[in-house]
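Trainee: Under this note's numbering, the first residue of the sequence shown carries the number 1, and numbering increases by one thereafter.
Yeah, the Cβ is synthetic: ideal placement off N, Cα and C, and Gly gets one too.
Quantities reported herein were computed from a predicted structural model and do not represent experimental measurements.
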Amino acid sequence: MKTFQKPLTSAEEAEYIRLLREGNEKEARMAKDVLIERNLRLVAHIAKKYQNVDEDMEDLISIGCIGLIKAVDTFDAGKGRLATYACRCIDNELLMFIRSKKKTSREVSYFEPIGQDKEGNEIHLVDVIEQQQPDIVEGLEHERNCKKLFLLLQECLTDREREILILRYGLNGRQEATQSEIGALLGISRSYVSRIEKKALQKLRQNFGI
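1) Compare the C-alpha of Phe-4 against each of Val-43, Leu-20, Glu-13 and Glu-22 and name the closest.
2) At a cut of 8 angstroms, does the region 58-65 reach the region 76-85 through at least three beta carbon pairs?
3) By Cβ distance, which residues of its chain are closer than 8 angstroms to Leu-35, with the 5 residues on each side in sequence left out?
4) Measure the alpha-carbon distance for Tyr-50 versus Leu-60 and round it to whole angstroms.
5) Am I right that Asn-207 and Cys-156 are in contact with their C-beta atoms under 8 angstroms? What's the rounded C-beta distance?
6) For Gly-187, tell me which candidate among Ile-164, Lys-32, Gln-175 and Arg-205 has the shortest Cα-Cα distance.
7) Mind checking which residues open and close the alpha helix (DSSP H) that includes Arg-174?
8) Taking 7 angstroms as the cut-off, is the CB of Leu-151 close to at least one heavy atom of the ligand FMN?
9) According to DSSP, is Ser-189 part of a helix, a strand, or is it coil?
10) Could you have a look at Glu-155 and say whether DSSP puts it in helix, strand or coil?
11) Is the number of C-beta pairs between the region 165-174 and the region 182-200 that are closer than 8 angstroms three or more?
12) Just to confirm, is the Cβ distance from Leu-211 to Arg-162 under 8 angstroms?
13) Considering only residues of the same chain and omitting the five flanking positions on each side of Phe-75, which have a CB-CB separation below 6 angstroms?
14) Who are the near neighbours of Ala-28 in its chain, counting only those whose CB is closer than 6 angstroms to its CB and skipping five residues on each side?
15) List the endpoints of the continuous alpha helix (DSSP H) containing Asp-76.
16) Can you look up Thr-3 in the DSSP assignment and give me helix, strand or coil?
17) Could you give the residue range of the alpha helix (DSSP H) that holds Arg-18?
18) If you draw a straight line from the alpha carbon of Ala-11 to that of Lys-32, how long is it in whole angstroms?
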């Protein structure tokens, strides 16, 4: 790992920030370079927090440096030390980078090969999507089953059982919740929520004919 220069003292930092804001073009450029170079140790320190995200440390430091440069460019000297402000900028830049990488890794290209047909030609995801046509009969059957399910929710379950299934599976436009979240909301244990959920599902299966 590269050896970084020591941080600036408060007085040194104040002087270089003054030159950056008030000096001529040459002085401002020099001051900016110094402020960046003398805070690289801070970038490396923050980047270490993310060394378990399966990214190369040098890449993390490079991204962190972008945050540091933004911090130097936008820092207001009347709001404390540059390092404090830079920490937030560096951290934000690294978080945005990691979130972007995770999002990209989850995306699947429509043109990515997913197999071959009988003749050995590659089949792409987009081919399958384009070939899928709406099945009217299947759609009507799904609609009928949904209506039957919501009717059974009212007729076969207790109020507590119905409430837990609605919360658990995000019915009636609700957000899906875990058993622990439901337990906390209703003031009961997670295991008790699990037992009620299983009992309620069993009732629905029996009455649905599954």
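Mentor: This is what the structure gives:
1) Within the sequence shown, the letter at position 4 stands for residue 4. Here the closest residue by C-alpha is Val-43.
2) Contact between the region 58-65 and the region 76-85 is absent, because fewer than three Cβ pairs lie under 8 angstroms.
3) Here residue 35 is taken as the residue at index 35 of the sequence shown, counted from 1. Excluding sequence neighbours, Leu-35 sits near Leu-8, Glu-13, Tyr-16, Ile-17, Leu-20, Val-72 and Leu-82.
4) The residue given as residue 50 occupies position 50 in the sequence shown. The residue given as residue 60 occupies position 60 in the sequence shown. Whole-angstrom Cα-Cα distance: 8 angstroms.
5) Within the sequence shown, the letter at position 207 stands for residue 207. Within the sequence shown, the letter at position 156 stands for residue 156. That pair is a contact at about 5 angstroms.
6) As a working note, residue 187 is residue 187 in the sequence shown. Gly-187 has its Cα closest to that of Ile-164, out of Ile-164, Lys-32, Gln-175 and Arg-205.
7) For the purposes of this step, residue 174 is taken as the residue at position 174 of the sequence shown. Arg-174 -> no alpha helix (DSSP H), and no H or E assigned at all.
8) For the ligand FMN, the structure offers nothing, since it holds no ligand at all.
9) Residue 189 sits at position 189 when you count from the first residue of the sequence shown. Of the three classes helix, strand and coil, the one that applies to Ser-189 here is coil, per DSSP.
10) To locate residue 155, count along the sequence shown from 1; it is residue 155. Helix at Glu-155.
11) yes
12) Residue 211 is absent from the model: the chain starts at 1 and stops at 210.
13) Start at 1 with the first residue of the sequence shown, and residue 75 comes out as number 75. These residues qualify, in order along the chain: Leu-82 and Tyr-85.
14) Residue mapping note: residue 28 aligns to position 28 of the sequence shown, counting from 1. Taken in chain order, the residues that qualify are Leu-20.
15) By 1-based counting over the sequence shown, the position of residue 76 is 76. Here Asp-76 belongs to no alpha helix (DSSP H), and DSSP marks it neither H nor E.
16) Position 3 of the sequence shown, counted from the first residue, corresponds to residue 3. In this structure, Thr-3 counts as coil in the three-state DSSP scheme.
17) Walking along the sequence shown from the start, residue 18 turns up at place 18. Per DSSP, Arg-18 belongs to the alpha helix (DSSP H) from 10-22.
18) The residue labelled residue 11 in the question sits at position 11 within the sequence shown. The residue labelled residue 32 in the question sits at position 32 within the sequence shown. If you take the alpha carbons of Ala-11 and Lys-32, they lie about 16 angstroms apart.
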